[in-house]
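This report concerns only the one structure given below.
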Amino acid sequence: MTPLDVPQPLPPAPQAIGPDLAALIACPRCDAVYRAVQPGPGERAVCARCNTVLIAPRRRAGQQLIAVAVAVVVLVVAATLAPFLAIEVAGRSNASSVLDAALAFAAAGPVAMLALAVAALIVFIPVLRALLVIYVLGPVVLDRPPAPHAAAAFRLSEELRPWSMAEIFVIGCAIALVKIADLAQVHFGPAFWMFAALVVLVVVQDGFMCRYSVWKSLER
Amino acid sequence: MEIAGTLRTAREMGLVACTSCTRVWPAGTDRCGRCGHRLHTRAPLALQRVWAWWLVGVIAYVPANLYPMLSTRTLVASQEATIVGGAIEIARHGNWGIALVILTASVAIPLGKFLAIAMLALGVRHGSALSGSRRQQLYQVVEYIGRWSMIDVFVVAILASLVQLGAVASVSPGPASLFFALSVIFTMLSAQSFDSRLIWDAEREGRRA
Chain A
1 MTPLDVPQPL PPAPQAIGPD LAALIACPRC DAVYRAVQPG PGERAVCARC NTVLIAPRRR
61 AGQQLIAVAV AVVVLVVAAT LAPFLAIEVA GRSNASSVLD AALAFAAAGP VAMLALAVAA
121 LIVFIPVLRA LLVIYVLGPV VLDRPPAPHA AAAFRLSEEL RPWSMAEIFV IGCAIALVKI
181 ADLAQVHFGP AFWMFAALVV LVVVQDGFMC RYSVWKSLER
Chain B
221 MEIAGTLRTA REMGLVACTS CTRVWPAGTD RCGRCGHRLH TRAPLALQRV WAWWLVGVIA
281 YVPANLYPML STRTLVASQE ATIVGGAIEI ARHGNWGIAL VILTASVAIP LGKFLAIAML
341 ALGVRHGSAL SGSRRQQLYQ VVEYIGRWSM IDVFVVAILA SLVQLGAVAS VSPGPASLFF
401 ALSVIFTMLS AQSFDSRLIW DAEREGRRA
């Protein structure tokens, strides 16, 4: 499929392509309109003009996404409470959980606002997104009619996507470790490994999600 | 995917596209019937919003560099370090690699984002030397990298919660961490306000003229 050259000024003529707008799909990034053709599982339909992936269905994606979402909820909740990292200097030691990290800003006066923001970005939003995905895809996978307000729930989940930063936090840990490695002895807590697994899951979650297929399934 | 006739945009066809779920509706429709998202042929006041967020992002980045990011107290000394000051300190100890990583993540990437967003917004108004697909790629990179700048704030949070060893050593966050976080958030909002469809409108008009 090659991008077509642009012809002379086009008259606006929606009738020319038939009244069935449901069969069309518009690229959200460049506004180009296509007649939607469902690609096979594992194949992808890409915008001819700007290469944005429009449709990328996968077999049994619903079940996989729900499984991943459940795992994310369990991991985040467990990892929030369990000790995350521990250090030891000259016989004194201190262990810290993810919650401690978020609350590190709480003590420091004007910076306290940041505690709330950090807790939201690394704990609440990832969990909320996972719960929304379960709520939306649950009935779809079970061949039931969509849950009430499923469309609004899925839209919220998509809007929160850039604000879910659990995986960035994990890489932040690695950098923090490098910074204090020569200052103190560092031990990994169980929560560190849970969060490391979380990074993989988040990548899987975003890779498997075909938004077009979800919207299609919510139409029924 | 089949192109409906020749490649045309929803606006040229008298339609309005939903940026949330890709469904198209007759022009003038207010809300998407499938997902409930508000419909606009092009995001209203997109460029003004981009510039407004961009400006507060740049403004917040100034105190983020002037104030200390971390203050460290040990038995023998207490010191406060700004972003650049901390990197220089690390470089003096011979850790050039880490200093370079810090400077890239906290200085080069934020400045690069400001420049890239300004370039994209100016390009819509005044045309750009880059092709539409190049600018689209640039936009996607900015959108993708934007969130990763929060890593600095997380590092401060981790260090401040972990290094609490009473008199031996303790680390507490400085005011710069708040300004840095605000700068990252404002820059993300600036990038999100940009309607990438404007890139392609400008390109198409340019070719037709």
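Chains A and B are the protein sequences, given in the same order. Quick note: the first sequence uses this note's numbering, first residue 1, plus one each step. Quick note: the second sequence uses this note's numbering, first residue 221, plus one each step. Just so it is clear, CB atoms sit at the ideal spot from N, CA and C, and this is done for glycine as well.
Judged by DSSP in its simplified three-state form, B:His346 adopts helix. B:Pro393 is positioned such that its CB atom lies no closer than 7 Å to that of B:Ala401.
Contacts between A:Met113 and chain B, judged by CB atoms closer than 8 Å, involve Leu398 in chain order.
Assigned with DSSP and collapsed to three states, A:Glu43 falls in coil, not helix or strand.
Annotation: A:Leu142 is outside any alpha helix (DSSP H) and is labelled neither H nor E by DSSP. Non-local C-beta neighbours of B:Ala341 in its own chain, meaning closer than 6 Å and more than five positions away in sequence, comprise Leu267 and Val270, ordered along the chain.
Taking 7 Å as the cut-off, the beta carbon of A:Asp31 is found closer than this to the beta carbon of B:Thr229. Boundaries for B:Asn315: no alpha helix (DSSP H) harbours it, and the DSSP string shows neither H nor E there. For B:Pro393, the nearest beta carbon of chain A is closer than 7 Å to its own beta carbon. Per the DSSP secondary-structure output, A:His187 pairs in a beta bridge with A:Ala86. For a Cβ distance threshold of 7 Å, residue set Arg367 and Met370 of chain B lies close to A:Met165, ordered along the chain. Short of 8 Å from the beta carbon of B:Ile337, and not among the five residues preceding or following it, lie these beta carbons of its own chain, in chain order: Val270, Trp274, Val362, Thr407, Ser410, Ala411 and Phe414.
Not flagged as an interface residue toward chain A: B:Phe334, since no C-beta distance is shorter than 7 Å. Of all residues in the region 299-311 of chain B, none comes within less than 7 Å of chain A when Cβ atoms are compared.
For B:Gln299, the enclosing beta strand (DSSP E) starts and ends at Ser298 to Ala301. Straight-line spacing of the CA atoms in B:Ile310 and B:Ala319 works out to 6 Å.
As computed with DSSP, B:Ser291 is found in a beta bridge with B:Glu300 and B:Ser392.
Three or more Cβ pairs drawn from the region 205-219 of chain A and the region 54-64 of chain A lie within less than 8 Å of each other, which places the two stretches in contact. Its chain contains Val136, Val140, Pro146, Ala150, Ala151 and Phe154 as the residues whose beta carbon lies nearer than 8 Å to that of A:Leu218, once the 5 sequence neighbours on both sides are disregarded; these appear in chain order. Ranked by Cα distance from A:Ala78, the first of A:Asp206, A:Ala117, A:Phe192 and A:Gln205 is A:Phe192. When Cβ pairs closer than 8 Å are counted between the two stretches, the region 372-391 of chain B is seen not to touch the region 340-355 of chain B, the count staying below three. Taking C-beta atoms under 8 Å as the contact rule, A:Pro126 and A:Val76 qualify, at a distance of about 6 Å. If you look at A:Asn94, you'll find it in the beta strand (DSSP E) that goes Arg92 to Ser97. In this structure the region 157-164 of chain A lies against the region 114-131 of chain A, because at least three pairs of beta carbons, one per stretch, are closer than 8 Å. Bridge partners of A:Ile55 according to DSSP: A:Ala45. The Cβ atoms of A:Ile134 and B:Trp368 lie no closer than 7 Å to each other.
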